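Numbering (this note's numbering), first residue to last: 368 to 638.
We treat Cβ as the ideally placed atom computed from N, Cα and C, and that holds for glycine.
Here the structure is a predicted model, which means the values were calculated and not measured.
A quick write-up on the structure given underneath.
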Ligand code: G4P
């Protein structure tokens, strides 16, 4: 279905999660969006490390895509997209102009894996004032285009793509950010995996938040968090599940600080 939809568009706006820009991408998008202008949005940039956001922007730009940090929830960065759309589609606009076609808006589609923030983004970008253009003759039946302004129309249903589940590391990172159902994850194990990453990348943040020291093992760190947060079961036994929930929740909400778990160095090309 996305392949059909993409045919109708000039531009693909791909959302990734700024905390894990590699794992939250779909590897097939390069092929799907071939020959289309592309914008990569680092969404949830408010939760990610600002230094890494800049590195990732440079990474995507080096490969010919246009990139921008956004916070779809607050709307930060959204206003800059219009200019970027014009820039990304300048060749098409020029072609149209030469053929005497004026005022034909650019048509864009938003795509990304579940939970990356597509609906929030569309609501924020399209705002309340925009009107749906309705079904147009010549356009596949049932498609709704949102007219954003004179120059841009957005397909109102985003393209949903799947991440690379078969890669265990990818699966784990998606679980860290809450893009997997926690009910199918063993939270204590997930918390230990997260602690292993944080020990490498942001060791001080964990110690400061919970007033603890790093221990020999991740389980011992989780126990220290449980003690520091008063997570006890009957008979003074430590409630490690509760400690794991506290840690993952603090990470996901940004209370541990702005963190990015992947760096652009050594990542696959996006095309
Ligand atoms: P989807 O359509 O791609 O599946 O994602 P959706 O918009 O439903 O967003 C998934 C979650 O991510 C929502 O949180 C949403 O508020 C949050 N979100 C989206 N963009 C951003 C952003 O730029 N920054 C931050 N911090 N959060 C963002 P939720 O907990 O499911 O809902 P809610 O409690 O926020 O309403």
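Using a 10 Å radius around the Cβ and a threshold of 16 neighbouring Cβ atoms, would you call residue i buried or exposed?
i, result
"residue 418", "exposed"
"residue 520", "buried"
"residue 488", "buried"
"residue 441", "exposed"
"residue 601", "exposed"
"residue 469", "exposed"
"residue 525", "buried"
"residue 603", "exposed"
"residue 410", "buried"
"residue 618", "buried"
"residue 505", "Confidence in residue 505 is poor, its pLDDT being 46 and thus under 50, which makes the residue's placement unreliable; the coordinate value appears in the next sentence. It counts as exposed."
"residue 372", "buried"
"residue 551", "exposed"
"residue 391", "buried"
"residue 486", "exposed"
"residue 585", "buried"
"residue 439", "buried"
"residue 490", "exposed"
"residue 507", "Confidence at residue 507 is low in this model, with a pLDDT of 48, below 50, so the placement of that residue should be treated as unreliable; the coordinate-derived value is given next. Answer is exposed; the Cβ neighbour count stays below 16."
"residue 629", "buried"
What are the partner residues of residue i, as DSSP defines its beta bridges?
i, result
"residue 476", "379"
"residue 433", "406"
"residue 512", "522"
"residue 599", "605"
Per DSSP, what kind of secondary structure is residue i in: helix, strand or coil?
i, result
"residue 420", "helix"
"residue 405", "strand"
"residue 532", "coil"
"residue 526", "strand"
"residue 507", "Because the pLDDT at residue 507 is just 48, under 50, the model does not fix this residue reliably, and the value given afterwards should be weighed accordingly. Coil, per DSSP."
"residue 443", "strand"
"residue 470", "coil"
"residue 384", "strand"
"residue 502", "Only weak support is given to the placement of residue 502: the predicted model assigns it a pLDDT of 48, under 50, and the question is left unresolved by the model."
"residue 438", "strand"
"residue 396", "helix"
"residue 490", "helix"
"residue 483", "coil"
"residue 455", "helix"
"residue 544", "coil"
"residue 623", "coil"
"residue 389", "coil"
"residue 588", "helix"
"residue 583", "coil"
"residue 629", "coil"
"residue 368", "coil"
"residue 634", "coil"
"residue 373", "helix"
"residue 411", "coil"
"residue 618", "helix"
"residue 517", "coil"
"residue 573", "helix"
"residue 553", "coil"
Counting only the same chain and skipping the five closest in sequence on each side, list residues whose C-beta sits under 8 Å from that of residue i.
i, result
"residue 456", "377, 378, 404, 473"
"residue 463", "469, 471"
"residue 518", "449, 452, 453, 472, 473"
"residue 546", "384, 391, 480, 481, 482, 483, 530"
Counting contacts by CB-CB distance shorter than 8 Å, is residue i in contact with chain D?
i, result
"residue 481", "Considering every chain present, this structure includes no chain D. It has just one protein chain."
May I ask you to check if the CB of residue i is nearer than 7 Å to at least one heavy atom of ligand 3?
i, result
"residue 379", "Inclusion of ligand 3 in the displayed structure is not the case, the ligand content consisting of ligand 1 alone."
Sorted by chain position, which residues of the same chain lie with C-beta nearer than 7 Å to residue i's C-beta, five sequence neighbours on each side aside?
i, result
"residue 599", "605, 606"
"residue 396", "381, 478, 528"
"residue 537", "390, 530, 531"
For residue i, which residues in the same chain have their Cβ closer than 6 Å to its Cβ, ignoring the five residues on either side in sequence?
i, result
"residue 436", "409, 412, 420, 444"
"residue 543", "561"
"residue 492", "445"
"residue 573", "565"
"residue 577", "592, 595"
"residue 627", "386, 415, 416, 419"
For this session: Please confirm if the stretch 448-460 is in contact with the stretch 419-430, defined as three or more CB-CB distances below 8 Å between the two stretches.
Result: no
Exercise. Should the stretch 380-391 be called in touch with the stretch 405-420, which here means at least 3 C-beta pairs below 8 Å?
Worked result: yes
Problem set entry | Three CB pairs or more closer than 8 Å across the stretch 519-536 and the stretch 581-595 | no
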